[in-house]
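Visitor: Below is the structure I would like to discuss, written out as structure tokens.
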Amino acid sequence: MKKIFLAFISLSLLLVLQSCEKELPYPIKDVERGVVIDIVRIPGTDGLLSDGLTTGDYRIKLTIPETQGDYSFMKHAQLLAVLEDGEGNSKSAVVADNITEFPNEMQINIADVYSKLGLSAPSLGETLYLTTNVVLEDGNVIPGWTKQIGFNNKAFSGWQVDGRSYSYNVRYAVACGWDQDPNTGSFIGQFTMNEVTPYGNDSYPVTLSYNSALPDAAS
Numbered sequence: 107m108k109k110i111f112l113a114f115i116s117l118s119l120l121l122v123l124q125s126c127e128k129e130l131p132y133p134i135k136d137v138e139r140g141v142v143i144d145i146v147r148i149p150g151t152d153g154l155l156s157d158g159l160t161t162g163d164y165r166i167k168l169t170i171p172e173t174q175g176d177y178s179f180m181k182h183a184q185l186l187a188v189l190e191d192g193e194g195n196s197k198s199a200v201v202a203d204n205i206t207e208f209p210n211e212m213q214i215n216i217a218d219v220y221s222k223l224g225l226s227a228p229s230l231g232e233t234l235y236l237t238t239n240v241v242l243e244d245g246n247v248i249p250g251w252t253k254q255i256g257f258n259n260k261a262f263s264g265w266q267v268d269g270r271s272y273s274y275n276v277r278y279a280v281a282c283g284w285d286q287d288p289n290t291g292s293f294i295g296q297f298t299m300n301e302v303t304p305y306g307n308d309s310y311p312v313t314l315s316y317n318s319a320l321p322d323a324a325s
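Numbering (the numbering used here) for the sequence shown: 107 to 325.
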């Protein structure tokens, strides 16, 4: 019985050692230590882009969460713009470089962003995202987004920053432009309003326009 018991222990140890030697699905030498950077839209600033327009108040804030700890191995950060056109196509471009101070509030020049993306202005159906790349002291770059993996650092969404969950990008959808001229003001859009109250539920269409006569307000 003793020999059988010892043989069982030996077999168990062999299985444990074999499981520890199992290869990872990626080369361990290619794993880079990165830095988590929180990015949010500053409250009160514009949250939508207008079709054909590059004006507006677009500001963001970059913060390195306390949970990150040491990040002395980071040389600087880059602001990366990612544009999706609504048809499954996407492109990206670095729109700000050599960001070294945190927290950091940044004014976003939409005309410059679209120029770096090879375009002149936002178009209806597009969505613009802003995220960050991390440039390490050794020169390697940890991308905030790639076509292969999408957005990086999603796994850190449980981290807390200023009493909220960590944010890895800022999103700006493109909406119809708003012509504020009372003579030329045009149709903006229509949506369905759903109301849920203690007194009952209601659903009705709402038409938005600067001039209520263009078109007639929906009832």
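Backbone N, C-alpha and C fix where the C-beta goes; we use that ideal spot for every residue, glycine too. Owing to the predicted nature of the structure, the values given are computational and were not obtained by experimental measurement.
#1: Assess contact between the segment 203-223 and the segment 251-264, defined as three or more Cβ pairs (one per stretch) separated by less than 8 Å. Is contact present?
#2: Under 8 Å by Cβ, that's how I've got Lys222 and Ala199 pegged, so tell me the actual separation to the nearest angstrom.
#3: Use the C-beta contact count for Ala217: other C-beta atoms within 10 angstroms, 16 or more gives buried, fewer gives exposed.
#4: By DSSP, does Tyr274 sit in helix, in strand, or in coil?
#5: Along the chain, where does the alpha helix (DSSP H) that runs through Tyr220 open and close?
#6: Under DSSP, the beta strand (DSSP E) around Asn210 begins and ends at which residues?
#7: Sort Asn258, Ala279, Gln184, Tyr278 by Cα distance to Tyr272 and report the nearest one.
#8: Sorted by chain position, which residues of the same chain lie with C-beta nearer than 7 Å to Pro171's C-beta, five sequence neighbours on each side aside?
#9: Helix, strand or coil: which one does DSSP assign to Phe262?
#10: With a Cβ-Cβ cutoff of 9 Å, do Val188 and Thr169 count as a contact?
#11: Quick one, which of Ile148, Arg139, Asp157 has its alpha-carbon nearest Leu230's?
#12: Going by DSSP, which residues form a beta bridge with Ala281?
#13: Taking the beta strand (DSSP E) that Ala199 falls in, what are its first and last residues?
Guide: Looking at the coordinates:
#1: no
#2: 4 Å
#3: exposed
#4: coil
#5: 216-222
#6: 210-213
#7: Asn258
#8: Val142, Asp144, Trp265, Val267, Tyr272
#9: helix
#10: no
#11: Asp157
#12: Ser156
#13: 196-205
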